[in-house]
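Heads up: the sequence shown begins at 0 in numbering that gives the first Met the number 0, then just goes up one per residue.
Here a beta-carbon is modelled for each residue, glycine too, at the ideal position from N, C-alpha and C.
One structure is given below, encoded as structure tokens.
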Amino acid sequence: MTKADIVERVYKEAGFSKKEAADLVDLVFKVIKDTLARGEKVKISGFGNFHLKDKDDRVGRNPQTGEAMMISARRVLTFKPSQILKEDITERYRHRIDDKGKEDTSIPPKEGKPRALSSFLNDENE
0 MTKADIVERV
10 YKEAGFSKKE
20 AADLVDLVFK
30 VIKDTLARGE
40 KVKISGFGNF
50 HLKDKDDRVG
60 RNPQTGEAMM
70 ISARRVLTFK
80 PSQILKEDIT
90 ERYRHRIDDK
100 GKEDTSIPPK
110 EGKPRALSSF
120 LNDENE
């Protein structure tokens, strides 16, 4: 899924104009980016947590030659999905796994509204 795909979904499902949907998606991404740039965590309830992690210098190996080499210190962005999101994904795709642990991707995922983002989605029954 691309940013344009996200804008299209917001446009269709929230009833905004395409410009409003694009501006909203841009704003959400900007807020997340700016928050992370300040070194703060981003916690989205029912979805997961984004945070920056500092990695120290370490010795690694060149995968082609096996030669030892130094990998410099760096900062990496990590994402940890919430338990609700993990359960939703597992439940939607579990029926595609056979007894030997192989996935049949020709079988579509189960239908239904995921719990992970239910607080962000309008309930049609309300």
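- Going by C-alpha positions, Lys-101 is about 25 Å away from Ser-81.
- In the three-state reduction of the DSSP assignment, Phe-49 falls in the strand class.
- In the same chain as Met-68, and ignoring 5 residues on each side of it, the C-beta atoms closer than 8 Å to its own belong to Val-58, Gly-59, Arg-60 and Asn-61, in chain order.
- The region 64 to 117 is shown to contain whole beta strand (DSSP E) runs of 3 or more residues at 67 to 70 and 73 to 80, in chain order.
- By the criterion of at least three beta-carbon pairs nearer than 8 Å, the region 70 to 88 is in contact with the region 47 to 58.
- Counting the other Cβ atoms within 10 Å of the Cβ of Asp-87 gives 16 or more, which makes it buried.
- Taking a C-beta distance under 9 Å as the contact criterion, Gly-45 and Leu-84 qualify as a contact pair.
- Here the C-alpha atom of Arg-91 lies approximately 12 Å from the C-alpha atom of Thr-104.
- When the five nearest sequence neighbours on each side are left out, the beta carbons in the same chain lying within less than 8 Å of the beta carbon of Phe-15 are those of Val-9 and Leu-23, in order along the chain.
- For Arg-57, there is no enclosing alpha helix (DSSP H); the residue is found in the beta strand (DSSP E) stretching over 57 to 60.
- Under the DSSP assignment, Lys-42 falls in the beta strand (DSSP E) whose first and last residues are 41 to 43.
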